[in-house]
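Heads up: the sequence shown at position 302 corresponds to 411 in the numbering used here, and the numbers run straight through without jumps.
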Amino acid sequence: MNFDFTEEQLLLRKTVRNFVDKEIMPYIGEWDEKGEFHPEIIRRLATLGLMGVCIPEKYGGSGMDYNSLAIVCEELERGDTAFRTAVSVHTGLNSMTLLQWGTEEQKQTYLVPQAKGKKIGAFGLTEPNAGSDVAAMQSTAVKDGDYYILNGQKTWISLCDVADHFLVFAYTDKSKKHHGISAFIVERTMEGFSSKAIKGKLGIRAGNTGEIFFDHMKVPKENLLGEEGEGFKIAMSALDSGRFTVAAGACGLIMACLEASLTYCHERETFGKKIGEHQLVKQMLANMEAGLQMSRLLVYRAGELKNKGVRNTRETSLAKWQACDFANKAADDAVQIHGAYGYSNEYPVERYLRNSKAPVIYEGTREIHTIMQADYVLGYRKDKPLNKMLPAWPFEE
Ligand SMILES: Cc1cc2nc3c(=O)[nH]c(=O)nc-3n(C[C@H](O)[C@H](O)[C@H](O)COP(=O)(O)OP(=O)(O)OC[C@H]3O[C@@H](n4cnc5c(N)ncnc54)[C@H](O)[C@@H]3O)c2cc1C
Numbered sequence: 110m111n112f113d114f115t116e117e118q119l120l121l122r123k124t125v126r127n128f129v130d131k132e133i134m135p136y137i138g139e140w141d142e143k144g145e146f147h148p149e150i151i152r153r154l155a156t157l158g159l160m161g162v163c164i165p166e167k168y169g170g171s172g173m174d175y176n177s178l179a180i181v182c183e184e185l186e187r188g189d190t191a192f193r194t195a196v197s198v199h200t201g202l203n204s205m206t207l208l209q210w211g212t213e214e215q216k217q218t219y220l221v222p223q224a225k226g227k228k229i230g231a232f233g234l235t236e237p238n239a240g241s242d243v244a245a246m247q248s249t250a251v252k253d254g255d256y257y258i259l260n261g262q263k264t265w266i267s268l269c270d271v272a273d274h275f276l277v278f279a280y281t282d283k284s285k286k287h288h289g290i291s292a293f294i295v296e297r298t299m300e301g302f303s304s305k306a307i308k309g310k311l312g313i314r315a316g317n318t319g320e321i322f323f324d325h326m327k328v329p330k331e332n333l334l335g336e337e338g339e340g341f342k343i344a345m346s347a348l349d350s351g352r353f354t355v356a357a358g359a360c361g362l363i364m365a366c367l368e369a370s371l372t373y374c375h376e377r378e379t380f381g382k383k384i385g386e387h388q389l390v391k392q393m394l395a396n397m398e399a400g401l402q403m404s405r406l407l408v409y410r411a412g413e414l415k416n417k418g419v420r421n422t423r424e425t426s427l428a429k430w431q432a433c434d435f436a437n438k439a440a441d442d443a444v445q446i447h448g449a450y451g452y453s454n455e456y457p458v459e460r461y462l463r464n465s466k467a468p469v470i471y472e473g474t475r476e477i478h479t480i481m482q483a484d485y486v487l488g489y490r491k492d493k494p495l496n497k498m499l500p501a502w503p504f505e506e
């Protein structure tokens, strides 16, 4: 066990924090209010090498370890959940999955430009009638010569109008249920692709989320990721990477709640003293600190297992579940500490509360993770190594 960050990781944290303080914090309130996604932030993150932080250098990334990705996500979500979500889908769900499952040719064509941030990746699994129950999906892919013809619809897709590449899932053989789902790399420019943003979201309003549609979309057979029928397994392994970034981001949201609450506790007075001196207010601050520290330990343990190249579905699920619940509670308490002022957008805490809800729903709802953890302790569920694992870190040249 080693609880120390490396010099490189400390510098990385400082870099992302400075970026967030200068490029996101001053504007995010307005972007959130207007519901504007700002893609130039993604381009600037790319110039800092942050869109492929844990992708090997030989595939265009920065070659840092998996916990460095956690640091990026923590610091980004301290600014806003929208930008951490962008990194989660681009790096966690898409690029890391290409790194794990892609052929050399797929990595050169898709992973390299994504790791450099020249192309943006997203992930399309959810459908109008298939969220937690992935196998209820209706999208189909029918082989036709050198192509697959995709038909269907995905919903709640982060970066739907922004991404260049999407990792999507469709049935190649419905009769085989989970074993009949296949994974495909598709491009926005492919004929038959369209997207449409969802309006009226509770939170992550500075993010872009919506639907994507496949209408007789011709996808070259080279764009099948893994083998036919491996799609469900690939999707679940993608979630091991994505959930890790969500959990790390939740730590950043707790940091933001704590920072805002501490400032307010030192300013606001009631009954002749600063509100931070009231025991019940202290309790909320103490719970935030406990949630932050416990969540971080769970996240970095999952990251360390990734560094070792060990399957970590169980540990990542626990980290994601707990960190997102702690963040949701921290945001609720942050509003409480601010009293009525917390109920208006004069302070950022109402945005934190709205933003804290989606992560409790996406990448496995609170209930799905609860069931997973119960199944692990009951011995109903066990993790076995997959036929293709994420490479251990340090990466081979
Ligand atoms: C902002 C946002 C961004 C998103 N981005 C993406 C994305 O980029 N790509 C993507 O593919 N998806 C994305 N999603 C979709 C997300 O992954 C799904 O919403 C999630 O998987 C839950 O599915 P659902 O909404 O259909 O809920 P359902 O599965 O219909 O669940 C409804 C309720 O029933 C509960 N429930 C369901 N099954 C069980 C069970 N077996 N036991 C107990 N309770 C159960 C759930 O916990 C939940 O409370 C995003 C969602 C949001 C909100």
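Backbone N, C-alpha and C fix where the C-beta goes; we use that ideal spot for every residue, glycine too. Here the structure is a predicted model, which means the values were calculated and not measured.
Closer than 7 Å: residue i CB and nearest ligand 1 heavy atom
i: W265; result: yes
i: L234; result: yes
i: S303; result: no
i: I562; result: Given that the chain is displayed from residue 110 to residue 506, the structure contains no residue 562 and the question cannot be resolved.
i: A440; result: no
i: E472; result: yes
i: T318; result: yes
Coarse secondary structure for residue i, derived from DSSP in three states
i: A279; result: strand
i: T479; result: helix
i: G201; result: helix
i: T115; result: coil
i: F146; result: coil
i: E184; result: helix
i: G161; result: coil
i: F341; result: helix
i: E139; result: helix
i: L362; result: helix
i: A315; result: coil
i: N176; result: helix
i: P329; result: strand
i: F380; result: coil
i: H274; result: strand
Residue from the options whose Cα sits closest to the Cα of residue i
i: K466; options: G211, K429, I321; result: K429
i: S304; options: G338, E331, K263; result: K263
i: S404; options: L207, R420, A432; result: A432
i: N496; options: I164, G418, E183, Y485; result: G418
i: M246; options: N238, H478, Q388; result: N238
i: N454; options: E139, C366, M397, M110; result: E139
i: I133; options: T479, E149, R122; result: E149
i: A224; options: D189, D270, H274; result: H274
Beta-carbon gap between residue i and residue j smaller than 8 Å
i: L499; j: M205; result: yes
i: A369; j: F435; result: no
i: A191; j: I313; result: yes
i: H375; j: K382; result: no
i: K216; j: P222; result: no
i: A250; j: L276; result: no
i: K252; j: G338; result: no
i: G170; j: V181; result: no
i: A315; j: I470; result: no
i: A344; j: L234; result: yes
i: L208; j: V129; result: no
**Prompt:** At which residue ranges does the region 374 to 444 contain complete alpha helix (DSSP H) runs of 4 or more residues, listed in the order of the chain?
**Reply:** 388 to 417
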